[in-house]
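Trainee: To get the numbering used here, take the position in the sequence shown, counting from 1, and add 428.
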Amino acid sequence: MKVLLVSAEVTPFAKVGGLADVAGSLPKALHDLGVDIRVLMPKYRSVVNVAGSDLHRAVEGCAVQMPGFLSGCALDESRLPGSDVPIYFVEHNDYFWRDAVYGPPGGAYPDNLERLSFLCRAAVALFAPLGWQPDVVHLNDWHTSLIAVLAKEGSLPFGTVFTGHNLGGAYQGVFPPEQTWISGIDETKPWVPSFLDDNGLNLARAGLACADMITTVSPTYAKELRDPKTGAGVSDLIRERGKDVQGVLNGIDYGYWNPETDPYLSDEDGYATFSLDHLSGKAACKAALQKEMGLPIQPDVPLLSIVTRLDDQKGLDLLSEILPGLRGMQLVVLGTGAKNYEDFFAKQAAMRPEIVAALKFDEKLAHRIYAGSDIFLMPSRFEPCGLGQMISLRYGTVPVARKTGGLNDTVFETGKSANGFIFEPYTAEDFKSALDRALAAYQDKAAWAALMARAMKSDNSWTASATRFVGIYEEALAHAVPSRAKKPAAPKKPAAAKPSAAKKPAAAKKPALKKKPPIQ
Ligand code: ADP
Numbered sequence: 429m430k431v432l433l434v435s436a437e438v439t440p441f442a443k444v445g446g447l448a449d450v451a452g453s454l455p456k457a458l459h460d461l462g463v464d465i466r467v468l469m470p471k472y473r474s475v476v477n478v479a480g481s482d483l484h485r486a487v488e489g490c491a492v493q494m495p496g497f498l499s500g501c502a503l504d505e506s507r508l509p510g511s512d513v514p515i516y517f518v519e520h521n522d523y524f525w526r527d528a529v530y531g532p533p534g535g536a537y538p539d540n541l542e543r544l545s546f547l548c549r550a551a552v553a554l555f556a557p558l559g560w561q562p563d564v565v566h567l568n569d570w571h572t573s574l575i576a577v578l579a580k581e582g583s584l585p586f587g588t589v590f591t592g593h594n595l596g597g598a599y600q601g602v603f604p605p606e607q608t609w610i611s612g613i614d615e616t617k618p619w620v621p622s623f624l625d626d627n628g629l630n631l632a633r634a635g636l637a638c639a640d641m642i643t644t645v646s647p648t649y650a651k652e653l654r655d656p657k658t659g660a661g662v663s664d665l666i667r668e669r670g671k672d673v674q675g676v677l678n679g680i681d682y683g684y685w686n687p688e689t690d691p692y693l694s695d696e697d698g699y700a701t702f703s704l705d706h707l708s709g710k711a712a713c714k715a716a717l718q719k720e721m722g723l724p725i726q727p728d729v730p731l732l733s734i735v736t737r738l739d740d741q742k743g744l745d746l747l748s749e750i751l752p753g754l755r756g757m758q759l760v761v762l763g764t765g766a767k768n769y770e771d772f773f774a775k776q777a778a779m780r781p782e783i784v785a786a787l788k789f790d791e792k793l794a795h796r797i798y799a800g801s802d803i804f805l806m807p808s809r810f811e812p813c814g815l816g817q818m819i820s821l822r823y824g825t826v827p828v829a830r831k832t833g834g835l836n837d838t839v840f841e842t843g844k845s846a847n848g849f850i851f852e853p854y855t856a857e858d859f860k861s862a863l864d865r866a867l868a869a870y871q872d873k874a875a876w877a878a879l880m881a882r883a884m885k886s887d888n889s890w891t892a893s894a895t896r897f898v899g900i901y902e903e904a905l906a907h908a909v910p911s912r913a914k915k916p917a918a919p920k921k922p923a924a925a926k927p928s929a930a931k932k933p934a935a936a937k938k939p940a941l942k943k944k945p946p947i948q
């Protein structure tokens, strides 16, 4: 099975949020399962800083037909760090040689539709000069949806899987009518009205309507999207697509997020690596983090943290409501984004010595915060999957999370796998009461140690989910190119019938393949 995963961001070459982590880690797990997986993303300025001399030319020149004009690109190649997974970088300096992925902080580049349409058209045009034709192209969020539209329009010989990492209203790739021509979509096709009309173009809906298979990043998010009340305006399509939509829980890269080997927990700054059997390093990390952040070094005061985009989605209004009344703790905030939240945390930090706000994106500090804090806050309004809670669990930092989306699938307050604290109604009182339960539990050293141990044992690796993706890729290929679908195993010879079991032999099961709807 040959699969090309296309994403606008891939860790460590360019990262805005969890999408980059997934695009940089799922391929490694698929590669371990024997899939010929390769990754494709734009060549931003940051790519050269990260990849340096590991970059080499894979394709010198490739024509890319845009609506009404001919353009072109080159392609560079490298490997995902620590693996043999090839990663390709589409070079087009006008579109991609920029400092940010989507736009300046809090904004979007005005030509995003054109840039991302170009990325999608280039991806498809590059198969021939590259000499490599994927069976399936795995698309990630609206940035890459147009590939599914092009594939369906042209009956192209590959299947498509569209993963909705975040389908919240602000993340659907909506463009006004005067811009839509640049996508070059053939508006005469019967499936187009579900994502393009007089109000403009909605690219998330395009992916949902046109891809052969759809996944969302957690089972609970898939359920939420089916419900018109929580379905972010896409529940009609999600329900229409029925069993083509599957909730597959994200994982994290257990090699990269590993407290035992994490290079950011370096001795010279007082940090230390640790594991479940050698937890003394965790205490060293707490002291080192307090020191680095200018907090009083107090081993017994619970150290709370939040590492996030500062966005309404993340429940920061709830935190803003309870923070002024919170005492007997320390808090480290790492995040950038909306100005109102940046101002709020900056003010709190200026007034209170037990609060620090690092208003920036800082990968190294993020690792140190996951390692050095006791309690991780994730009171999200909605959370398709969430990686922050998975990372914090891995580092023995107990999450306090809202019961929504992937948080509901990974953080449990009761039962054998209890690993954190949860609340459901989206209110400051409910968040405060879950946090109070966590702070009370922290006082009981033995119970807290047991809770930390369960947190660290939670399995959020890619192992199970990567295997599910292999099946989904096979289904997508069967939808798009039935002749290339994996042949079902020959039915077993019926065992010699015993006289008492002389039933009619069951008819050999037809493979459960759905036909692709007619293209015209
Ligand atoms: P989302 O994708 O909605 O941003 P996730 O929890 O799925 O949220 O993933 C967030 C990822 O981005 C995590 O790896 C988190 O550590 C990282 N992250 C978020 N903000 C920052 C920041 N300011 N500095 C460093 N890493 C950050």
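The beta carbon of each residue, even a glycine, is placed where N, CA and C say it ideally should be.
Which same chain residues end up closer than 7 Å to residue 700 when comparing Cβ atoms and leaving out the 5 residues on each side of it in sequence?
Mentor: The residue you call residue 700 lines up with position 272 of the sequence shown. Cβ neighbours of residue 700 beyond the five flanking positions: 693, 709, 712, 713.
Trainee: Below 8 Å, can you find three or more Cβ-Cβ pairs linking the segment 563 to 572 to the segment 490 to 505?
Mentor: No, they do not touch.
Trainee: Pull up the distance between the alpha-carbon of residue 841 and that of residue 880, whole angstroms please.
Mentor: Walking along the sequence shown from the start, residue 841 turns up at place 413. Walking along the sequence shown from the start, residue 880 turns up at place 452. Residue 841 and residue 880: Cα-Cα distance of roughly 12 Å.
Trainee: Please list, in chain order, all residues of the same chain as residue 679 whose beta carbon is under 6 Å from its beta carbon, the five residues on each side excluded.
Mentor: Within the sequence shown, the letter at position 251 stands for residue 679. If we look at residue 679 and ignore the five residues flanking it on each side, its Cβ neighbours are 888, 889, 890, 893.
Trainee: For ligand 1, I want to know if residue 794 counts as a neighbour, meaning its beta carbon is within less than 6 Å of at least one of the ligand's heavy atoms.
Mentor: As a position in the sequence shown, residue 794 is number 366, starting the count at 1. Yes, the beta carbon of residue 794 sits closer than 6 Å to at least one heavy atom of ligand 1.
Trainee: Could you tell me whether the segment 470 to 486 touches the segment 516 to 532, using the rule of 3 or more Cβ pairs below 8 Å?
Mentor: In short, these stretches touch, since the Cβ pair count reaches three.
Trainee: In whole angstroms, what separates the C-alpha of residue 778 from that of residue 577?
Mentor: The sequence position of residue 778 within the sequence shown is 350, counting from 1. The sequence position of residue 577 within the sequence shown is 149, counting from 1. Straight-line Cα distance between these residues: approximately 50 Å.
Trainee: What beta strand (DSSP E) runs, 3 residues minimum, are completely inside the segment 574 to 632?
Mentor: Segments of the beta strand (DSSP E) lying fully in the segment 574 to 632: 587 to 592, 628 to 630.
Trainee: Are residue 635 and residue 604 touching if we call contact CB-CB under 7 Å?
Mentor: The residue you call residue 635 lines up with position 207 of the sequence shown. The residue you call residue 604 lines up with position 176 of the sequence shown. No, Cβ-Cβ distance for residue 635 and residue 604 is not below 7 Å.
Trainee: Ignore the nearest five residues each way along the sequence and tell me which others in residue 525's own chain have a CB closer than 8 Å to its CB.
Mentor: Within the sequence shown, numbered from 1, the residue matching residue 525 stands at position 97. Cβ within range, chain order: 471, 472, 473.
Trainee: DSSP three-state call for residue 464: helix, strand or coil?
Mentor: As a position in the sequence shown, residue 464 is number 36, starting the count at 1. Three-state DSSP puts residue 464 in a strand.
Trainee: Is the CB-CB distance between residue 814 and residue 827 below 7 Å?
Mentor: Looking up residue 814 in the sequence shown gives position 386. Looking up residue 827 in the sequence shown gives position 399. No, they are not a contact pair.
Trainee: What is the DSSP secondary structure of residue 661, reduced to helix, strand or coil?
Mentor: Residue 661 sits at position 233 when you count from the first residue of the sequence shown. Of the three classes helix, strand and coil, the one that applies to residue 661 here is coil, per DSSP.
Trainee: Indicate the three-state DSSP secondary structure (helix, strand or coil) for residue 546 in the structure shown.
Mentor: Against the sequence shown, residue 546 aligns to sequence position 118. Reduced to three states, the DSSP call for residue 546 is helix.
Trainee: Here's the rule: buried if 16 or more other CB atoms are within 10 angstroms of the residue's CB, otherwise exposed. What is residue 444?
Mentor: Numbered from 1 along the sequence shown, position 16 holds the residue referred to as residue 444. Exposed: under 16 other Cβ atoms inside 10 Å.
Trainee: Would residue 568 be called buried (16 or more neighbouring beta carbons within 10 Å of its own) or exposed?
Mentor: For the purposes of this step, residue 568 is taken as residue 140 along the sequence shown, with counting starting at 1. With 16 or more other Cβ atoms within 10 Å, it is buried.
Trainee: Who are the Cβ neighbours of residue 863 in its own chain at under 6 Å, not counting the five residues just before and after it?
Mentor: Here residue 863 corresponds to residue number 435 of the sequence shown, with the count starting at 1. Answer for residue 863: 828, listed in chain order.
Trainee: With a Cβ-Cβ cutoff of 7 Å, do residue 851 and residue 865 count as a contact?
Mentor: Here the question's residue 851 lines up with position 423 in the sequence shown. Here the question's residue 865 lines up with position 437 in the sequence shown. The answer is no: Cβ separation not under 7 Å.
Trainee: Can you give me the C-alpha to C-alpha distance between residue 583 and residue 861, rounded to a whole angstrom?
Mentor: Position 155 of the sequence shown holds residue 583. Position 433 of the sequence shown holds residue 861. Cα-Cα distance, rounded: 54 Å.
Trainee: I'd like to know if the segment 683 to 697 and the segment 652 to 665 are in contact, where contact means that at least 3 CB-CB pairs between them fall below 8 Å.
Mentor: Touching, no.
Trainee: Answer yes or no: do residue 663 and residue 837 have a C-beta to C-beta separation smaller than 7 Å?
Mentor: Translated into the one-based positions of the sequence shown, residue 663 becomes position 235. Translated into the one-based positions of the sequence shown, residue 837 becomes position 409. Not a contact, by the Cβ cut-off of 7 Å.
Trainee: Using C-beta distances below 6 Å, list every residue in its chain close to residue 691, excluding the 5 sequence neighbours before and after it, in chain order.
Mentor: On the sequence shown, position 263 is the one that residue 691 refers to. No residues qualify anywhere along the chain.
Trainee: Return yes when the C-beta of residue 762 is under 6 Å from any heavy atom of ligand 1, and no when it is not.
Mentor: Walking along the sequence shown from the start, residue 762 turns up at place 334. Yes.
Trainee: Can you name, in chain order, every residue of its own chain whose Cβ lies under 8 Å from the Cβ of residue 985, other than the five neighbours on each side?
Mentor: The question about residue 985 has no answer, for the chain in this structure spans 429 to 948.
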